[in-house]
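Residue numbers (our numbering): 2 to 222. The beta-carbon is built from N, C-alpha and C at its ideal position, and this holds for glycine as well. What follows is a single structure, written as structure tokens, with notes after it.
Here's what the structure looks like:
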């Protein structure tokens, strides 16, 4: 595959200049989405997990504040929540999307580096008590330092009850879905709204390549 890509050096800007590559991308997105549990979703190949995590936040921001695309952010501050062990890309995303660093809340983890659901729920309640608008939770499937997998079913239940967007950063741990022995670590991933999965980590792709997978079709339109 790398030889073919290097030989063709195809730009993916439009379907007309890369029809075969575009069809391959669509098929890969569909297959990877089904592995996560997204039966009729959509997605994109993007250059790296940082980009995918930021786009997941952008999808969530567009749902709660669609007017921000033309008018900018206004009203009570939007607040996002991530694990204290989460990747630094969430902090970059908060800055680039205009949320502000103080509105990215690092949620307490247990002694194995997993986000504590009870701490997440308390943090959401506190933000609302302060007059802010919680809108996004970034769970992690395979943290950078400890390789921890957040308890996705419990976090998904909190997001469902509170109306928050759930994004799972599976950049590092996503390939556990290939393993019959370890795929249970990603139980609950199918309940996420968006999922990031790096092909250039455990899948061995030589260039930066990440799939942003979206559960509901039309979100990226």
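Look up residue i in the DSSP assignment and say whether it is helix, strand or coil.
i, result
"residue 139", "strand"
"residue 62", "helix"
"residue 214", "strand"
"residue 209", "coil"
"residue 197", "strand"
"residue 192", "helix"
"residue 167", "strand"
Which stretch, first to last residue, makes up the alpha helix (DSSP H) that contains residue i?
i, result
"residue 3", "3-9"
"residue 145", "Where residue 145 is concerned, there is no enclosing alpha helix (DSSP H), given that its DSSP letter is neither H nor E."
"residue 153", "153-163"
Between residue i and the rest of its own chain, which residues show a CB-CB distance below 8 Å, the 5 nearest in sequence each way excluded?
i, result
"residue 197", "50, 53, 54, 57, 168, 169, 170, 171, 172, 175, 211, 212, 213 and 214"
"residue 98", "55, 58, 59 and 62"
"residue 204", "176"
"residue 102", "92, 95 and 96"
"residue 218", "41, 42 and 43"
"residue 18", "11 and 12"
"residue 152", "115, 116, 118 and 189"
"residue 29", "46 and 212"
"residue 106", "80, 81, 82, 83, 124 and 128"
Got a sec? Which residues, its chain only, sit under 6 Å from residue i by beta carbon, not counting five neighbours each side?
i, result
"residue 83", "91 and 139"
"residue 122", "159"
"residue 144", "86 and 114"
"residue 209", "48, 49 and 201"
"residue 134", "77 and 79"
"residue 155", "118"
"residue 23", "16"
Going by beta carbon distance, what residues of the same chain come within less than 7 Å of residue i, once the five residues before and after it are set aside?
i, result
"residue 110", "84, 85, 86, 116 and 117"
"residue 33", "198, 212 and 214"
Starting from residue i, follow the beta strand (DSSP E) in both directions and report where the run begins and ends.
i, result
"residue 185", "That residue, residue 185, is in no beta strand (DSSP E); it is neither H nor E in DSSP."
I'd like to know if the segment 165-178 and the segment 4-15 are in contact, where contact means that at least 3 CB-CB pairs between them fall below 8 Å.
no
Which runs of the beta strand (DSSP E) fall wholly inside the segment 86-140 and span at least 3 residues, in chain order?
Runs of beta strand (DSSP E) with 3 or more residues, each lying fully within the segment 86-140, are found at 105-108, listed in chain order.
Let me know the beta strand (DSSP E) ranges lying completely inside the segment 14-80, each 3 residues or longer, listed in chain order.
The segment 14-80 contains these whole beta strand (DSSP E) runs: 43-47.
Quick test of the definition: if touching needs 3 or more C-beta pairs under 8 Å, does the segment 64-74 touch the segment 83-91?
In short, these stretches do not touch, since the Cβ pair count stays below three.
Does the pairing of the segment 108-123 with the segment 30-40 give three or more beta-carbon distances under 8 Å?
In short, these stretches do not touch, since the Cβ pair count stays below three.
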